Structures are given as C-alpha cells and as structure tokens.
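Read the structure below first, then the notes.
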Amino acid sequence: MALQGFSHIGICVTDIERSTRFYTEALGFTQLYGVDFVGGEVAATMEQDGGFRSAMLLRDDVRIELLQWIDVPMTGTGERKPMTQLGFTHLSFRVDDIDELTAAVRAAGGEVHAHTLSVLGDPAGAVAPTKLLYLTDPDGTRIELMENVPDLSLMAPSAADALAARFDPEG
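In my numbering, each residue carries its 1-based index in the sequence shown increased by 202.
Below is the structure:
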C-alpha cells in the first residue's frame, strides 16, 4: 500500500482557544473543525488515557491539529527547544513582509526573537535579499518566517542547485 499524501502536523498546546486565535489571527489559518475526545476512543492511537480537545486548522495545503489535554498533565516547559534537539524543530512559512507580520504575532500572543534575524544576499543588489526570522507561538513552538524565497512546491528538483547557490556565502 502506498503513501497517499501528507495529512497534518499535531501540536500540543496549553490553551486551545488562545492557540487557535494565534494561528488564525497572526498566521492566517482557518479553523476547519474542533472536536473533543473524552471517552478514550483514540487512547491506543495517542498512547495516552484521558481526554483531549482538538482543533484542525488549514492554511494553503498545510493542516495543523492543535491538541489540548483535558484531564492529563502536559509535560514540557513551553520554552523554545534548541535546534540541535532531535526531532521536530520548527514550522516554516514564506511571507511577503516579516516586519508587518511580527506586529500581528505579538498582538496574538506570540514572541518574536529579533536576535534570530538573518539577511542573505546584497541589500543593494538587483535581487532583494532573503530575510529569515524565528518566532514562537504562545506555547513555545518555533516558527520560521522566510521573506523573499521561492515557493518550493512549484520548484522542479533540477532547480535545487540554483537555489542552494543563492544561499552559498562563498558564491
């Protein structure tokens, strides 16, 4: 049986309403549905007894499922994980204007990490430079914003070398 395609990313949150507001107001997601699982119907799948609330959000072709446990203590500190920690490191989104979006992120309860701003390319060059910046959602999930980067979903595999050359500091 073949893989049919990507489904979604699950993110554990402490307050599903607050996180839904963050992803819809700051990042432009739409809530598809919300459902509460309280009877243990998916306990085996989740490897956890107890109920949880779920909200499925959509932006372009990306689906995020927010999960808030109801009667089970959540673990973790809510702080950003180091990029060297194994496993999931971040979500990444292309944006038109990083500066414009950071105000919306702050207003929706996220945190902007200004010290992570990188500018790649020559600001005075013919091609606008690429800007990269990290922020976190209200529970510390790391999110990368990328300004002036191509839509990778439209890129043929043969174009990868040209893209890599653009980011090569020696090039």
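C-beta: ideal position from N, C-alpha, C; glycine also.
Model, not experiment: these values are computed from the prediction.
Linking Ala245 to Arg282 through their CA atoms gives a straight-line distance of about 28 Å. Per DSSP, Leu319 is one residue of the beta strand (DSSP E) stretching across Glu313 to Leu322. Nearest neighbour of Ile211 by Cα position, chosen from Thr222, Val264 and Arg220, turns out to be Val264.
Per DSSP, the unbroken alpha helix (DSSP H) holding Met248 starts and ends at Ala245 to Met248. In this structure, the alpha-carbon of Gly312 lies about 12 Å from that of Glu346. Boundaries of the alpha helix (DSSP H) around Arg220: Ile218 to Arg223. By a beta-carbon distance limit of 8 Å, Arg261 contacts Phe231. Their separation comes to about 4 Å.
Taking C-beta atoms as the reference points, Ser256 and Val237 count as a pair closer than 9 Å. DSSP, read as helix, strand or coil, puts Asp238 in strand. By the neighbour-count criterion, in which a residue is buried when 16 or more other Cβ atoms sit within 10 angstroms of its Cβ, Pro340 is buried. The beta strand (DSSP E) runs of length 3 or more contained entirely in the segment 254-327 are, from start to end of the chain, 254-261, 264-271, 293-297 and 313-322.
Between Tyr225 and Leu259 the beta-carbon gap is near 5 Å, inside 8 Å, which marks them as a contact.
Leaving aside the five residues that flank Gly253 on each side, the residues in its chain whose CB is nearer than 7 Å to its CB run, in chain order, Asp238, Phe239, Val240, Ile272 and Asp273.
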